[in-house]
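What follows is a single structure, written as structure tokens, with notes after it.
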Amino acid sequence: MEFGLSQDQKMMQDSVHRTLERAAPLARVREAAEANAIARDVHKALADLGVTGLLIPESFGGAGLKLLDAALVSETLGRHAAPVPFIAASVMAPLALIHAGSPEQQQRVLPKLAAGETIAGVAIAESVSGTRDGAGLTASGGKLNGKALFVMDFADADLFVVADRACGLHLVEANAPGLTKTSLISIDRTRTLGEIACNNTPAEPLQNGNAAEVLSRMRDAGWVMLAADTLGAGWHMIDQAVAYAKERKQFDRVIGSFQAVKHMCAEMAAELEPCRSLVWYAAHAFDAIPADAALTAAHAKAHTSEIGRFVARTATEVHGGMGMTDLLGLHYWFKRIGLNRQLLGGPERVRDLAAAMQGFAAAS
Amino acid sequence: MDLAYSAEYEAFRAETRAFLEANRHRFPSGWGGGNRPGPELLAWQRLLIEHGYAARTIPREYGGYGAEPDVLKSRIIAEEFTRARAPSGLSGQGISMLVPTLLEVGSEEQKRQYIAPTLRGEIIWCQGYSEPGSGSDLASLQTRAVEDGHDFVINGQKIWTSTAQYADMIFCLVRTEAERAKHQGISYILFPMSTPGIEVRPLKTMTGHAEFNEVFFTDVRVPQENVVGGRGAGWFVANATLKHERGMLGDPNAAGSRLSAIIELMNTETVDGQTLMQKPVMRDRLMKLQARVLAMQFHGLRLLTAAASGDDVGLARLIVKLEGCELNHQLAAFAIDVLGELGALYEGSPHLRAHGSWQRMYMFDLGLIIGGGTAQIQKNIISERGLGLPREPKLVRA
Ligand SMILES: Cc1cc2nc3c(=O)[nH]c(=O)nc-3n(C[C@H](O)[C@H](O)[C@H](O)COP(=O)(O)OP(=O)(O)OC[C@H]3O[C@@H](n4cnc5c(N)ncnc54)[C@H](O)[C@@H]3O)c2cc1C
């Protein structure tokens, strides 16, 4: 038994961290967030490292790594609030192609995804957390109709992997006839979100597998990635709070010497650190322990979201008024954690699904 | 204990209802678009004061309505305004903090000069307490006021000053007695924001809006008679004001209307065609919050009664800011969760609900948990003053 990271994994995570330190300092994050645009330079730097092809088999130009490796990357992206596509473009969409694409589709798309030349958005929100505002796509005769909300990694996407109402999966070109794209603006502007509307839009089915099963796998992977992102963002906020508490003086002493402040910091650390183990386990289970995969992914997502909310507010509180300012930039992480919580189902929804998975009750 | 409404109160309720019915066409549609209350809102405020629905217990000679404090009537007003969805009177730091302070310790002249126009919304105030080096440790403030003839000449910097970018006046803490102990050298002074030597720099917050400011003073000249409550007494005057601020920040009526809005949200928003109210987990969270809102509303009644009779309720008053602000924050957090993915959307987005106000409140309310004495400082106060625990030992200087 061994529950920990390999030397290679640590090195890989560290090199992503160092790349982002250089390519995505706060000023770059701010610039991208103010435009709510992808930082193409940062994306390129990550693609050069192999991040975009992490999960894609070597035969298609990727690194052929596992979800745990992707989780380490996602955590690091969260730590830096990196304004790049990843969860949909480099995890969920490749998984869809790997598990449901035909050899021809794989050959055509995966190498470009691996190289980061193509960005793929993913539209599966309706199938995970239900339909709102009349959303939902129907497929018939190779055409899609309807709309999908909360499309992840939306901006600059060249194609979309979408789920229809019957849990079928499709590949849609971003410039396909009858496709309308509308950006959605979330609190977190370091990532992009959107809506697509289809009017007899041609789509290629991804049908080389059990689509419903693949859809669940995409969802599970998305959950683990969102949890990992919150883990990284949350730790960044704790680190910032601790550093501030060591420097800021009130009543002639550093505020970190007040037990009230120490306990806030300690509680954040004590609550968040177990999430790391949960995320690791869920990520590992995704590839190695099928029986546990969905359940631990759900718990990783829901629980880390709850702890993330606590950490985000508490770390802000440690900073006093300074924590509220745009200048300090702490809010980018606060909002990143806020968006992660809501995407692919809020905690209540995800826990409901977790109970249903175990046969405790049908999901409501 | 007597919560039944006697005939007198039922009559008062009918009267309030009739007033609201007759004046429905005068309800201002909003704040008025700008930073300051617009003409509609100012007219509404005047009407409310005239009929005793705002500034109700402020003496007539200072521009209020001059009624005796009456808990039940205040409650009836709050209930009927909520029921009619009528905008209640203006609030803000001038009305909620400065006016009670002037009533308590202001000179006759100051009361006559400032209270009435403040109540009417004609003078907007800002609160100049915090400084970059003096937040929780407010008494360490460094802004200096040096005597020069009939005036003080003020130099220094304030920070986190809400509404300073459009305020007419500031109530400000300055150090007038540099040589005295830190709590004893402070004065509370009023001056126009148009006084030469004041520079205001807005600070953008996490909500994306400039909700507070930095304010710089360079040789700002203010007559000595603008001091409130006596030179060197500023710390004690400020504490009186802070007490009022904390009452305002924990206002349970705000929580009540927020809860109503969430109930409406849960009854109208659907997922897969089911309303959120049909979801047991969401309903349970709603019920938990409702209990907390009710507890704080009833708590408010108890405090009003105590205030009217002069009873000291000790601890009960000290918890209001901590609990009230936390509750408001939790309500906004819950609304975001009720909205699911839609709850992550923000200003300017398609599909946005309530103009993004839930997210904005969620963030802004965190500011209120920090502002006006942080949650940790509130807990220190509750434990030390409310529960009699010893103070944290002072550092012995090496
Ligand atoms: C939205 C908002 C509006 C505001 N509006 C105004 C305004 O209009 N006018 C004005 O003058 N000020 C205003 N403030 C300032 C506010 O009063 C201060 O932010 C607050 O008093 C905290 O001070 P600080 O920001 O310097 O934080 P600090 O005092 O530096 O606190 C940092 C952290 O240390 C903790 N801490 C400090 N001392 C202790 C202690 N003894 N024990 C335990 N913990 C401690 C705090 O709880 C906090 O977590 C506003 C603030 C906000 C956020």
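Here the protein sequences come in this chain order: A and B.
Read left to right, the first sequence gives residues 19 to 382 (the working numbering).
Read left to right, the second sequence gives residues 301 to 698 (the working numbering).
Where a beta carbon is used, it is the ideal one built from N, C-alpha and C, also for glycine.
Length at least 4, wholly inside the stretch 541 to 580 of chain B: the alpha helix (DSSP H) runs in chain order: Runs found: 552 to 568.
Inter-stretch contact (C-beta, 8 Å, three-pair minimum) for the stretch 515 to 522 of chain B and the stretch 533 to 547 of chain B: No, the stretch 515 to 522 of chain B is not in contact with the stretch 533 to 547 of chain B.
As assigned by DSSP and simplified to three states, the class of Leu211 (chain A): Residue 211 (chain A) sits at position 193 when you count from the first residue of the first sequence. Leu211 (chain A) falls in the strand class under three-state DSSP.
Met587 (chain B) vs Val638 (chain B) beta-carbon contact at 8 Å: On the second sequence, position 287 is the one that residue 587 (chain B) refers to. On the second sequence, position 338 is the one that residue 638 (chain B) refers to. The answer is no: Cβ separation not under 8 Å.
Cβ shell of Tyr299 (chain A) (< 7 Å), same chain only, five flanking positions each side left out: For the purposes of this step, residue 299 (chain A) is identified with residue 281 of the first sequence, where counting begins at 1. A distance below 7 Å between beta-carbons, with the five flanking residues on each side excluded, links Tyr299 (chain A) to the following residues of its chain, in chain order: Thr314.
Phe178 (chain A) at chain B interface by Cβ criterion, 8 Å: Translated into positions along the first sequence, residue 178 (chain A) becomes position 160. No, because no Cβ of chain B sits closer than 8 Å to the Cβ of Phe178 (chain A).
Contact set for Ala698 (chain B): own chain, Cβ-Cβ below 8 Å, skip 5 residues either direction: Stepping through the second sequence from its first residue, residue 698 (chain B) is reached at position 398. Per-residue confidence for Ala698 (chain B) stands at a pLDDT of 48, beneath the threshold of 50, marking its modelled position as unreliable; the derived number appears in the next sentence. So the list is empty, once near-sequence residues are dropped.
Beta-bridge partners of Tyr488 (chain B), as assigned by DSSP: For the purposes of this step, residue 488 (chain B) is identified with residue 188 of the second sequence, where counting begins at 1. Looking at the DSSP assignment, Tyr488 (chain B) forms a beta bridge with B:Leu473, B:Val528.
Of the listed residues A:Ala166, A:Glu135, A:Asp26, A:Ala184, nearest to Ala157 (chain A) (C-alpha basis): Position 139 of the first sequence, counted from the start, is the residue given in the question as residue 157 (chain A). Nearest C-alpha to Ala157 (chain A): A:Ala184.
Separation of Ile214 (chain A) from Lys621 (chain B), as counted between CA atoms: Here residue 621 (chain B) corresponds to residue number 321 of the second sequence, with the count starting at 1. Here residue 214 (chain A) corresponds to residue number 196 of the first sequence, with the count starting at 1. Rounded to whole angstroms, Lys621 (chain B) and Ile214 (chain A) show a C-alpha spacing of 45 Å.
Integer Cβ distance of Leu559 (chain B) from Gln590 (chain B), believed to fall under 8 Å: Counted from its first residue, the second sequence places residue 559 (chain B) at position 259. Counted from its first residue, the second sequence places residue 590 (chain B) at position 290. Rounded, the Cβ-Cβ distance is 6 Å, consistent with contact.
Chain B within 8 Å of Gly252 (chain A), Cβ atoms only: Position 234 of the first sequence holds residue 252 (chain A). No - not a single Cβ of chain B is within 8 Å of the one on Gly252 (chain A).
Residue-chain proximity (Trp344 (chain B), chain A), Cβ-Cβ < 8 Å: In the second sequence, the residue the question calls residue 344 (chain B) occupies position 44. No, Trp344 (chain B) lies away from the interface with chain A (no Cβ there is under 8 Å from its Cβ).
For Ile498 (chain B), the residue or residues it bridges with in DSSP: Taking the first residue of the second sequence as 1, we reach residue 498 (chain B) at position 198. The partner list for Ile498 (chain B) (beta bridge, DSSP) reads B:Phe517.
Lys199 (chain A) versus His651 (chain B) - alpha carbon distance: Looking up residue 199 (chain A) in the first sequence gives position 181. Looking up residue 651 (chain B) in the second sequence gives position 351. Those two C-alpha atoms are separated by around 14 Å.
Secondary structure of Trp460 (chain B), DSSP reduced to three states: Counting from one through the second sequence, the residue named residue 460 (chain B) turns up at place 160. The answer is coil: DSSP assigns Trp460 (chain B) none of H, G, I, E or B.
Cross-chain neighbours of Phe378 (chain A) in chain B, by beta carbon under 9 Å: The sequence position of residue 378 (chain A) within the first sequence is 360, counting from 1. Simply none; closest approach about 13 Å.
Ile670 (chain B) beta carbon less than 8 Å from that of Glu335 (chain A): In the first sequence, the residue the question calls residue 335 (chain A) occupies position 317. In the second sequence, the residue the question calls residue 670 (chain B) occupies position 370. Yes. Within cutoff.
Element boundaries [beta strand (DSSP E), containing Ala65 (chain A)]: For the purposes of this step, residue 65 (chain A) is taken as the residue at position 47 of the first sequence. Segment 58 to 67 is the alpha helix (DSSP H) holding Ala65 (chain A); no beta strand (DSSP E) there.
The stretch 397 to 408 of chain B / the stretch 450 to 462 of chain B touching (three or more Cβ pairs under 8 Å): no
Through-space distance from Asp612 (chain B) to Arg602 (chain B), alpha-carbon basis: For the purposes of this step, residue 602 (chain B) is taken as the residue at position 302 of the second sequence. For the purposes of this step, residue 612 (chain B) is taken as the residue at position 312 of the second sequence. Whole-angstrom Cα-Cα distance: 11 Å.
At least 3 beta-carbon pairs within less than 8 Å: the stretch 209 to 228 of chain A vs the stretch 287 to 296 of chain A: no
Near-chain B residues of the stretch 104 to 124 of chain A - C-beta to any C-beta below 8 Å: none
Status (buried if at least 16 other CB within 10 Å, exposed otherwise) for Ala318 (chain B): Residue mapping note: residue 318 (chain B) aligns to position 18 of the second sequence, counting from 1. The residue in question, Ala318 (chain B), is exposed, as its Cβ has fewer than 16 Cβ neighbours within 10 Å.
Supposed close pair Leu83 (chain A), Leu72 (chain A) - CB separation, criterion 8 Å: Locating residue 83 (chain A) in the first sequence gives position 65, where the first residue counts as 1. Locating residue 72 (chain A) in the first sequence gives position 54, where the first residue counts as 1. Leu83 (chain A) to Leu72 (chain A), Cβ: 5 Å. Contact.
heavy atom of ligand 1 below 7 Å from Lys458 (chain B) C-beta: Your numbering for residue 458 (chain B) matches position 158 in the second sequence. Yes, Cβ of Lys458 (chain B) sits closer than 7 Å to a heavy atom of ligand 1.
7 Å CB neighbourhood of Thr316 (chain B) in its chain, flanking five on each side removed: Taking the first residue of the second sequence as position 1, residue 316 (chain B) is located at position 16. Ile376, Ile377, Glu380, listed in sequence order.
Best match in A:Lys267, A:Ser323, A:Ala306, A:Glu265 for proximity to Met243 (chain A) [C-alpha to C-alpha]: The residue given as residue 243 (chain A) occupies position 225 in the first sequence. Looking at the Cα atoms, A:Ser323 is the closest of the given residues.
Local Cβ density within 10 Å of Gln125 (chain A), reported as buried at 16 or more and exposed below that: The residue labelled residue 125 (chain A) in the question sits at position 107 within the first sequence. The residue in question, Gln125 (chain A), is exposed, as its Cβ has fewer than 16 Cβ neighbours within 10 Å.
Beta carbon of Tyr362 (chain B) nearer than 8 Å to that of Ile415 (chain B): Taking the second sequence and counting its residues from 1, one reaches residue 362 (chain B) at position 62. Taking the second sequence and counting its residues from 1, one reaches residue 415 (chain B) at position 115. Yes, the pair counts as a contact, with Cβ atoms nearer than the cut-off.
contact_flag[the stretch 337 to 353 of chain A, the stretch 625 to 632 of chain B] where n(CB pairs < 8 Å) is 3 or more: Judged by Cβ distances under 8 Å, the stretch 337 to 353 of chain A makes no contact with the stretch 625 to 632 of chain B, as fewer than three pairs qualify.
Any non-hydrogen atom of ligand 1 within 7 Å of Glu285 (chain A) CB: Within the first sequence, residue 285 (chain A) is the residue found at index 267, counting from 1. No, since every heavy atom of ligand 1 falls outside the 7 Å radius drawn around the Cβ of Glu285 (chain A).
Candidates A:Met110, A:Leu187, A:Phe328, of which the one nearest Pro223 (chain A) by Cα: The residue given as residue 223 (chain A) occupies position 205 in the first sequence. That would be A:Leu187, whose Cα lies nearest to the Cα of Pro223 (chain A).
Proximal residues to Leu438 (chain B) (C-beta, below 8 Å), its chain only, five neighbours per side dropped: Counting from 1 along the second sequence, the entry for residue 438 (chain B) is found at position 138. Here the set comprises Tyr429, Ser430, Leu473, Ala538.
Neighbour flag for Gly11 (chain A) against chain B, beta carbons, 8 Å: Nothing can be reported for residue 11 (chain A): it is not among the residues displayed for chain A, which extend from 19 to 382.
Enclosing alpha helix (DSSP H) for Val399 (chain B) [first to last residue]: Translated into positions along the second sequence, residue 399 (chain B) becomes position 99. Per DSSP, Val399 (chain B) belongs to the alpha helix (DSSP H) from 399 to 405.
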